[in-house]
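*Asks:* Below: one structure in structure tokens.
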Amino acid sequence: MATMAWTKVVILLPLFWLQLACVHSYNIDKSCDSIKSKLETAVQKSMALAKLSFDELGEDDPNVKELRGWFFLDKNIDQVKMVYHNVQEFGTLNKADADGVMQPTIYCDLSRYEETTRKTKDGKDEPALFDKERKTVSGLSKEYKGCKTGDTVAYRSKTERLTDKKILHNDIQICPWYLAVLGHSPFTTLDNLPDRTGKPSYDPTRAFSNSEPKANVFASRLDVVLLHEFTHALPDYAGSTLDHAYKWTDCTAVGNREVGCMNADSYSLFATGVDMIKVRGFKFTKEGVLRRSTRRQSELNNWL
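Counting from 0, one number per residue, gives the positions in the sequence shown under numbering that gives the first Met the number 0.
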């Protein structure tokens, strides 16, 4: 979930993008053993969100079309479809790496890391992380720090070989504080959605009302967070995303720019909105406020 500088993105799609050789899966680290079954359920839910979003991009639901326009340019919809299509390949657990694709591993704690220091080029000490399992040293990232302070719920990290940029490790870290306050639940029903009103904790007991919770609260579900991270974990050729913007308001603000179709939160928030429209009978306004998706039809009925 790293914050990236604004970048002009030029998208070149292969003619038959649906035939990409994307053979992916995911792995679950032993740090998640106590919640493995619930984590598998959350991954399945995230894959279902991706499939629903992909399917609805080819349909004519006016509410979905309106939602789509807030997040993505019309000319980039093929790119958006590609990402939703390819990310579904992550739905299989523990399949061997294939086609040069390093399958992502989900971690549920930070115990494999030890904070240390390393020398910079000018001989000074800088904070670093020692991976005790892989015996590697990396920089002390802001995502890791956020995982400890409650500013980050999850992040994807990768290790590349310097000579050819081949990905050696492809990790999805779910932050322990986030799992603890969620109660290790996928949060897939209206009754148990959390509200993050004061970091670092959520209040899972918040009551549902017509105007609440806002879109960002629904997007704090574990299945939605995993969808965000899985779009990061895709190979570059399959549509790997970046972090140009976070949260509903900022993501809709970049929806009229090229970066919209390269932004991970745009995919997870759009999927949240589609799920709300097609499954739950609600919709979000452009400001992220919840409304009944049937309101337009009821207004029309008054004229019949």
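We put the CB at the ideal spot given by N, CA and C, even for glycine.
If we ignore side chains and look at the alpha-carbon of each, how far apart do LYS144 and GLY138 end up?
*Replies:* Taking the straight line from one Cα to the other gives about 11 Å.
*Asks:* Could you give the C-beta distance for THR151 and ALA218, rounded to a whole number, given that I count them as a contact under 8 Å?
*Replies:* The Cβ separation is near 15 Å, so there is no contact.
*Asks:* What are the boundary residues of the beta strand (DSSP E) that GLN172 is part of?
*Replies:* 166-173 is the extent of the beta strand (DSSP E) around GLN172.
*Asks:* Take LYS285 and list the residues in its own chain whose beta-carbon comes closer than 7 Å to its own, dropping the five residues that flank it on each side.
*Replies:* Within the same chain, LYS285 has close Cβ partners TRP69 and THR251.
*Asks:* Could you check whether the stretch 76-92 touches the stretch 154-162, counting it as contact only if at least three pairs of C-beta atoms, one from each stretch, sit closer than 8 Å?
*Replies:* In short, these stretches do not touch, since the Cβ pair count stays below three.
*Asks:* Any idea what DSSP makes of LYS64, helix, strand or coil?
*Replies:* Reduced to three states, the DSSP call for LYS64 is helix.
*Asks:* Hey, out of ASN262, ASN62, PRO175 and GLY287, whose CA is closest to LEU221's CA?
*Replies:* Closest by alpha carbon: PRO175.
*Asks:* Between ASN301 and the rest of its own chain, which residues show a CB-CB distance below 8 Å, the 5 nearest in sequence each way excluded?
*Replies:* No answer about ASN301 holds up, because its pLDDT of 36 lies below 50 and its placement is not dependable.
*Asks:* I think PHE129 touches GLU113, with their Cβ atoms under 8 Å apart; what is that distance to the nearest whole Å?
*Replies:* Yes, they are in contact, since the Cβ atoms of PHE129 and GLU113 sit about 4 Å apart, within 8 Å.
*Asks:* What does a CB cutoff of less than 6 Å around TYR83 pick up in its chain, not counting 5 residues either side in sequence?
*Replies:* Closer than 6 Å at the Cβ level, and outside the excluded window around TYR83, lie ALA49, SER52 and PHE53.
*Asks:* Is ARG291 buried or exposed, if buried means 16 or more other CB atoms sit within 10 Å of its CB?
*Replies:* With fewer than 16 Cβ atoms within 10 Å of its Cβ, ARG291 is classed as exposed.
*Asks:* Say whether the stretch 256-274 touches the stretch 223-230, bearing in mind that this needs 3 or more beta-carbon pairs closer than 8 Å, one atom from each stretch.
*Replies:* Taking 8 Å as the limit for Cβ pairs, the verdict is that the stretch 223-230 does touch the stretch 256-274.
*Asks:* Looking at the structure shown, is ARG195 part of a helix, part of a strand, or coil, going by DSSP?
*Replies:* Confidence at ARG195 is low in this model, with a pLDDT of 47, below 50, so its placement is unreliable and the value that follows should be read with caution. The answer is coil: DSSP assigns ARG195 none of H, G, I, E or B.
*Asks:* Tell me the DSSP bridge mates of TYR154?
*Replies:* Its beta-bridge partners are GLN172.
*Asks:* Could you give the C-beta distance for LEU72 and GLY259, rounded to a whole number, given that I count them as a contact under 8 Å?
*Replies:* Rounded, the Cβ-Cβ distance is 6 Å, consistent with contact.
*Asks:* The beta strand (DSSP E) spanning PHE129 covers which residue range?
*Replies:* It spans 124-130 - the beta strand (DSSP E) in which PHE129 sits, taken as one unbroken run.
*Asks:* Report the residue from LEU167, GLU125, LYS80 and ASP28 whose alpha carbon sits nearest the alpha carbon of SER110.
*Replies:* Of LEU167, GLU125, LYS80 and ASP28, the residue nearest in Cα terms is ASP28.
*Asks:* Within the same chain, show all residues whose beta-carbon is closer than 6 Å to that of MET46, passing over the 5 residues directly before and after it, in chain order.
*Replies:* For MET46, where only same-chain residues beyond five positions count, the Cβ hits under 6 Å are GLN87 and GLY90.
*Asks:* How big is the Cα-Cα spacing for CYS31 and ARG256?
*Replies:* Rounded to whole angstroms, CYS31 to ARG256 spans 38 Å at the Cα level.
*Asks:* Helix, strand or coil: which one does DSSP assign to LEU233?
*Replies:* If DSSP states are grouped into helix, strand and coil, LEU233 belongs with coil.
*Asks:* Quick check on the DSSP output: the beta strand (DSSP E) that includes TYR106 runs from which residue to which?
*Replies:* From DSSP, the beta strand (DSSP E) with TYR106 extends over 104-106.
*Asks:* For the alpha helix (DSSP H) that contains LYS141, what are its first and last residues?
*Replies:* Start and end: 141-148.
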